[in-house]
Amino acid sequence: MYVILTTKPGQFRTEVGPGLNPVEAYDYVFYGRTRARFLIAEISGETRVRIVDETEPVTVNDVPSKFLEKFREIEGARRELQYLCAFGDMDTTLVPRDVADFNRPVPVAA
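Here it is in structure tokens:
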């Protein structure tokens with residue numbers, strides 16, 4: 000089974016913990032700016048996903064994985080990402096990235 004985790008730089012980040020194995024990561028780029036990051040992770044059993052609100056005051060929530068949409072195969076998660084990120088003729092792309100860099104800060108555009 001697979002899940003999609005989301006991070007919105009400057010707003011919140013999702014952290015991978017026990018029971019989650021990162022498989023693929025993508026930047027969601029909207030008109031040249033990274034707006035979100037997505038991570039497809041293989042999930043084994045019930046676990047919790049840590050979501051850290053990066054705005055003050057910083058809050059941390061451990062959300063049970065039962066609340067996450069799950070996909071039997073990785074292709075289903077990929078199709079869902081394509082669906083979530085397509086807006087007609089708007090300039091949107093999913094840019095593959097190294098899963099190890101999922102929560103690294105996004106460079107600020109000049």
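Under numbering that gives the first Met the number 0, the first residue of the sequence shown is numbered 0, with each subsequent residue one higher.
Beta carbons: idealized from backbone N, C-alpha and C, even for Gly.
Euclidean distance between Cα positions of residue 71 and residue 21 = The residue labelled residue 71 in the question sits at position 72 within the sequence shown. The residue labelled residue 21 in the question sits at position 22 within the sequence shown. Distance between the alpha carbons of residue 71 and residue 21: 15 Å.
Are residue 50 and residue 101 touching if we call contact CB-CB under 8 Å?
-> Counting from 1 along the sequence shown, the entry for residue 50 is found at position 51. Counting from 1 along the sequence shown, the entry for residue 101 is found at position 102. Cβ atoms of residue 50 and residue 101: not closer than 8 Å.
Assign residue 37 to one of three DSSP states: helix, strand, or coil.
-> Your numbering for residue 37 matches position 38 in the sequence shown. Strand at residue 37.
Throw me the rounded Cβ distance for the residue 69 and residue 2 pair, which I believe falls under 8 Å.
-> Taking the first residue of the sequence shown as position 1, residue 69 is located at position 70. Taking the first residue of the sequence shown as position 1, residue 2 is located at position 3. Right, the Cβ-Cβ distance comes to about 6 Å (below 8 Å), so this counts as a contact.
Would you please state the rounded distance, in angstroms, between the beta carbons of residue 57 and residue 13? I believe it to be under 8 Å.
-> What you label residue 57 is simply residue 58 of the sequence shown in a count that begins at 1. What you label residue 13 is simply residue 14 of the sequence shown in a count that begins at 1. Going by Cβ atoms, the distance from residue 57 to residue 13 rounds to 14 Å, so no, they are not a contact pair.
Can you name the residues that DSSP bridges to residue 24?
-> Residue numbering aside, residue 24 sits at position 25 when the sequence shown is read from its first letter. DSSP, once it has assigned bridges, lists 38 and 96 as partnering residue 24.
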